[in-house]
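For reference, the structure is listed below as C-alpha cells.
Protein chains: 2
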Amino acid sequence: MSTGTPAPRTRLSPEQRRSQLLDLGVRLLATRSVDELSIDLLAEEAGISRGLLYHYFGNKQAFHEAVVRRAADDLISQTAPPVEGDPVHRLLVSVTAYVDYVDANYEGYLSLVRGAASGNETMRAIYDDARRALTDRIFDEDPHGNLVPDTPAARLLLRGWASMVEEVVLRWKVTPDGITRDQLLELVAGSLPALAGLLPEEQ
Amino acid sequence: MSTGTPAPRTRLSPEQRRSQLLDLGVRLLATRSVDELSIDLLAEEAGISRGLLYHYFGNKQAFHEAVVRRAADDLISQTAPPVEGDPVHRLLVSVTAYVDYVDANYEGYLSLVRGAASGNETMRAIYDDARRALTDRIFDEDPHGNLVPDTPAARLLLRGWASMVEEVVLRWKVTPDGITRDQLLELVAGSLPALAGLLPEEQ
Chain A
1 MSTGTPAPRT RLSPEQRRSQ LLDLGVRLLA TRSVDELSID LLAEEAGISR
51 GLLYHYFGNK QAFHEAVVRR AADDLISQTA PPVEGDPVHR LLVSVTAYVD
101 YVDANYEGYL SLVRGAASGN ETMRAIYDDA RRALTDRIFD EDPHGNLVPD
151 TPAARLLLRG WASMVEEVVL RWKVTPDGIT RDQLLELVAG SLPALAGLLP
201 EEQ
Chain B
1 MSTGTPAPRT RLSPEQRRSQ LLDLGVRLLA TRSVDELSID LLAEEAGISR
51 GLLYHYFGNK QAFHEAVVRR AADDLISQTA PPVEGDPVHR LLVSVTAYVD
101 YVDANYEGYL SLVRGAASGN ETMRAIYDDA RRALTDRIFD EDPHGNLVPD
151 TPAARLLLRG WASMVEEVVL RWKVTPDGIT RDQLLELVAG SLPALAGLLP
201 EEQ
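Taken in sequence, the protein lines are chains A and B. Under UniProt numbering, the first sequence has 188 at position 188, and the numbering climbs by one with no breaks. Under UniProt numbering, the second sequence has 175 at position 175, and the numbering climbs by one with no breaks.
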C-alpha cells in the first residue's frame, strides 16, 4: 500500500527530490510520532529504495531532524497572520491556524513537544527555534505595541503564553470535555490581550 | 566529603531510615538532575554502603522514582496556600512559594519537567499527578468560585496556566533580564485572575 506518488526522477534535481521526500515525511508524521517514522516506511511510501533514502539523508537521525525541521517551518508559515487587519483579528487568524495545525498533525506535533523536552539537543533546538519564531513574530507584527508592549517582561510572558496555548490545545484535542472549537479559539486568542493588560507600559 | 549526617541506625525503623534517605536524595536533587543522582553519590553522602541502598530501593530506577515522588510531594506541601485570607492573597502566597521552590531546586526541577515530557511513563505520571494536584487544589480552595468558576473550560485553562507559570519561572531563573522577583510574582499571580476573566460564569 502506497499513498505517495513517485515523481519522474529525471525531471527533478536532487534538491527538489529531497524536498519532495521531506514533504512526504511531514505528511506521514501527521498521524505518527517521530520514532514511528522509519526510513523503511518512507521508502515504501515513496516507492524508492532504502539505499536512495540514505543517500539523501545520511542516517536515520539526520532524516528525523530534517523532517522535523520541515514540519516546524510548515507550522511557522501556516500560522502566519494576515498582513492587513487590526491586531486582535490577525491574532485570531493565526491562533486558528495553530489549532487547526495541531488538530491535523497531532501525533507528530506531540512527539515534537515531547522530543524537545527530552535529551535530544538537536530536536530541542529545532523546537526552541520554532517557538521563538512564533512568539517573536508577535512583536514584529505589532511594532507599535498595540497588542503588547515590547519589553523583557512582555517577551517572557509571551513565551509562557505559548506554553499555555500548546498545553491547552493538546489537552483539548484529547479531552474536549464539551468545549467547542469556537470556545477554545476565544479562550486562546483572548488570553493574550488579557495577559498583556498585566504589563506596565514601560519598564 | 560528606554533607549528610548518618543517624544512629538502631533508633530508626526501616521505614524511617528509608524516608530519611529520600529526604537526602531530594536535597541532592536541588543542584543536580535526576540522571546525575546516583546510588553511589547517595551512599557516599549518607555514609552507608551501596548494598544497603539497594536493599532500601531495589534498583536505580526505583530509587529515582521514589526521590522524584518525594520531591513532588514536597513541592505540593510547600506551596499549599494559607488557610485564611482572601483568594488573591492566598494565591500570591502559594505562587511565591512555588517561585522560591523552583529557585532553590532548579536543577532537579528542570530534570523533572524534562523527564516528564520524555519517554519514561512513570516519571511522566508522577509529574502529571503533581501538576494535577497543584491545579485542582485551586478549585478545592475556592469552592465558591471567587477566583475562578469550576467549569471544564476553567480546568483546561488552569492546566495551561500551570504550564505558563512553569515556563516563565524556569526562563526567569536562567535569564531574569532585569525583571525583579517582585515583578515576576506580580505577573504570575496576576495572570490567573486575568485569565479567569475570560471565562463565562456558566457553560
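A virtual CB, placed ideally from N, CA and C, is assigned to each residue, including glycine.
query: Whether LEU37 of chain A touches LEU21 of chain A by CB criterion (9 Å); result: no
query: Residue-chain proximity (GLY145 of chain A, chain B), Cβ-Cβ < 9 Å; result: no
query: Interface partners of PRO152 of chain B on chain A, CB under 8 Å; result: ASP177, GLY178, ILE179
query: C-beta atoms of LEU198 of chain B and LEU157 of chain B nearer than 9 Å; result: yes
query: From A:PHE57, A:LEU195, A:ARG32, A:GLY115, residue whose alpha carbon lies closest to that of GLY108 of chain A; result: A:ARG32
query: Chain-ordered neighbours of ALA194 of chain B on chain A, where CB pairs are closer than 7 Å; result: ALA194, LEU195, GLY197, LEU198
query: 9 Å Cβ cutoff, GLN203 of chain B in contact with chain A; result: For GLN203 of chain B, the predicted model reports a pLDDT of 45, less than 50, meaning its position is unreliable and no value from the coordinates is stated.
query: Where the alpha helix (DSSP H) containing HIS55 of chain B begins and where it ends; result: 50 to 57
query: Beta-carbon spacing of ALA71 of chain B, ASN120 of chain B below 9 Å; result: no
query: As assigned by DSSP and simplified to three states, the class of GLY160 of chain B; result: helix
query: Supposed contact pair LEU184 of chain A and VAL99 of chain A - C-beta distance, whole angstroms, cut 8 Å; result: 7 Å
query: Delimiting residues of the alpha helix (DSSP H) encompassing GLY25 of chain A; result: 14 to 29
query: Residue-level contact to chain B via CB, ARG159 of chain A, 9 Å cutoff; result: yes
query: Ordered list of beta strand (DSSP E) runs contained in the stretch 69 to 116 of chain B, each at least 3 residues; result: none
query: Residue-chain proximity (GLN20 of chain A, chain B), Cβ-Cβ < 9 Å; result: no
query: Same chain, Cβ closer than 6 Å to PRO82 of chain B, five either side skipped, listed in chain order; result: ARG90, VAL93
query: Cβ neighbour criterion (16 or more within 10 Å) applied to ALA62 of chain A; result: exposed
query: Contact list for SER191 of chain B against chain A, beta-carbon separation under 7 Å; result: LEU195, LEU198
query: Contact with chain B by ALA162 of chain A, beta-carbon distance below 9 Å; result: yes
query: Contact with chain B by ARG132 of chain A, beta-carbon distance below 9 Å; result: no
query: Where ARG181 of chain B falls: helix, strand or coil (DSSP); result: helix
query: Pairwise C-alpha distance: ARG11 of chain A and SER191 of chain B; result: 56 Å
query: Neighbour flag for GLU167 of chain B against chain A, beta carbons, 9 Å; result: yes
query: Inter-residue Cα distance where the pair is ALA30 of chain A and THR135 of chain A; result: 23 Å
query: Cβ-based neighbour list, ALA133 of chain A, same chain, cut-off 7 Å, excluding 5 preceding and 5 following; result: ILE76
query: Contact set between ARG171 of chain B and chain A, taken where Cβ atoms lie within less than 7 Å; result: LEU156, ARG159
query: Contact with chain B by GLU186 of chain A, beta-carbon distance below 9 Å; result: yes
query: Proximal chain A residues relative to GLN183 of chain B, where beta-carbon distance stays under 7 Å; result: ALA153
query: Coarse secondary structure for GLY145 of chain A, derived from DSSP in three states; result: coil
query: C-alpha distance - VAL168 of chain B paired with PRO14 of chain A, whole-angstrom precision; result: 43 Å
query: Straight-line gap, GLY47 of chain B to TYR101 of chain B (C-alpha atoms, nearest Å); result: 27 Å
query: Buried versus exposed call for ARG181 of chain B [16 or more other C-beta atoms within 10 Å across all chains shown]; result: exposed
query: Residues near ALA97 of chain A by beta carbon distance below 6 Å, same chain, minus five either side; result: GLN78, THR79
query: Backbone secondary structure at GLN203 of chain A - three-state DSSP; result: The predicted position of GLN203 of chain A is uncertain, since its pLDDT is 45 and thus under 50; a value taken from the coordinates is nonetheless stated next. Reduced to three states, the DSSP call for GLN203 of chain A is coil.
query: Burial state of GLY51 of chain A, where buried means 16 or more other Cβ atoms lie within 10 Å; result: exposed
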